[in-house]
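Numbering (mature numbering (1 follows the signal peptide of the UniProt record, and there is no 0)), first residue to last: -25 to -1, 1 to 314.
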């Protein structure tokens, strides 16, 4: 799961005002550009244009989206980037691969995220053709060249420097890599603590490159409670409890991520990277769902098998009648309300 609407709105306010100062924020002509990098939690349709099995372009995905049609978002409706766009008064960013991303639409920003990817390039290989994070950063470079052809180099640099950036990585490096199969290549190569340290070192390189490319206000979400999604409860949990292995992985990863971000900010001499504690915020949903208006945080709305946590969400899956009382939409992803 990802962070709540209230938390997102608060973080947007911090990013837009605290890091720039009220005067600069007020001098902005219109909403800031917004850029999104990461995995299926923030992908809004790039994988629709790829030959991949990591797709959300068929019903019932999008059942509660304004068009009531699947968009490529792994949600029944809106996802976190949509909510942030609303909070900053902007149009939703288009997928970078969308043919509609041209002309004035480029100035809104772009979503480079691709379901299935991770920090490591070997994460998600079973999904075939996905936009790995190195390619997402190359697309960001290409994007700036395209914008410069419209508004010039100086204005492009200002647009990118003033933009909000969201990056969400890490979960797939555990779920779809280290713990994908028993005795996976990475689990034979690394003990879990060593693997986490390796992930953090590789993530630092990614964020440093993002800074080199002009990002100056970056919201970095840690992993949520990986062991508590319906898929992991169904396959690894005992008696309906969260998977201990994946919860341990998340508890090792998130503190080291925060430490790394602090180090990066210290090296830069400015607060560029802000951590969002998705684990703590989403454990609140999971341990006390009724407090947030959910009837369950263990059973997915769409799916099959125990906890609706087995396999894909398809037109043949079980589908709950009221998505607003479910914290999880499918085996891995939150509902719009939980977003």
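For glycine and all other residues, C-beta sits at the position ideal for the given N, C-alpha and C.
Nonlocal neighbours in the same chain, by C-beta distance under 7 Å from residue i, ignoring five residues either side
i           : result
residue 66  : 60 and 83
residue 170 : 153 and 161
residue 121 : 81
For residue i, the three-state DSSP class (helix, strand or coil)
i           : result
residue 203 : helix
residue 158 : coil
residue 150 : helix
residue 233 : helix
residue 247 : coil
residue 91  : coil
Whole-angstrom distance between residue j and residue i, CA atom to CA atom
i           : j           : result
residue 37  : residue 310 : 10 Å
residue 111 : residue 294 : 33 Å
residue 87  : residue 70  : 6 Å
residue 35  : residue 291 : 9 Å
residue 146 : residue 96  : 14 Å
residue 11  : residue 192 : 12 Å
residue 368 : residue 114 : With the chain represented from -25 up to 314, any question about residue 368 goes unanswered, as that position is not in the structure.
residue 271 : residue 166 : 34 Å
residue 222 : residue 127 : 47 Å
residue 205 : residue 297 : 17 Å
residue 217 : residue 245 : 38 Å
residue 312 : residue 266 : 13 Å
Short Cβ contact (9 Å threshold) for residue i with residue j
i           : j           : result
residue 151 : residue 98  : yes
residue 248 : residue 300 : no
residue 188 : residue 135 : yes
residue 308 : residue 89  : no
residue 225 : residue 149 : yes
residue 280 : residue 288 : no
residue 53  : residue 314 : yes
residue 229 : residue 253 : yes
residue 316 : residue 31  : As displayed, the chain neither begins before -25 nor continues past 314, which places residue 316 out of reach and without an answer.
residue 185 : residue 142 : yes
residue 25  : residue 72  : yes
residue 276 : residue 51  : yes
residue 155 : residue 94  : no
The ligand PLP heavy atom lying under 8 Å from the CB of residue i
i          : result
residue 87 : In the structure shown, the ligand PLP is absent, as is every other ligand, since no ligand is present at all.
Beta-carbon proximity list for residue i, same chain, < 6 Å, skipping 5 on both sides
i           : result
residue 8   : 84, 134 and 138
residue 57  : 67
residue 258 : 200
residue 282 : 205, 208, 209, 273 and 274
Reference residue i, options the options, closest by Cα
i           : options              : result
residue 250 : 166, 266 and 140     : 140
residue 159 : 101, 131, 46 and 222 : 101
residue 91  : 130, 128 and 23      : 23
residue 231 : 176, 74 and 106      : 176
residue 285 : 211, 237 and 220     : 211
Cβ neighbours of residue i in the same chain (closer than 8 Å, five flanking residues each side left out)
i          : result
residue 49 : 15, 16, 18, 31, 36, 90, 304, 305, 307 and 308
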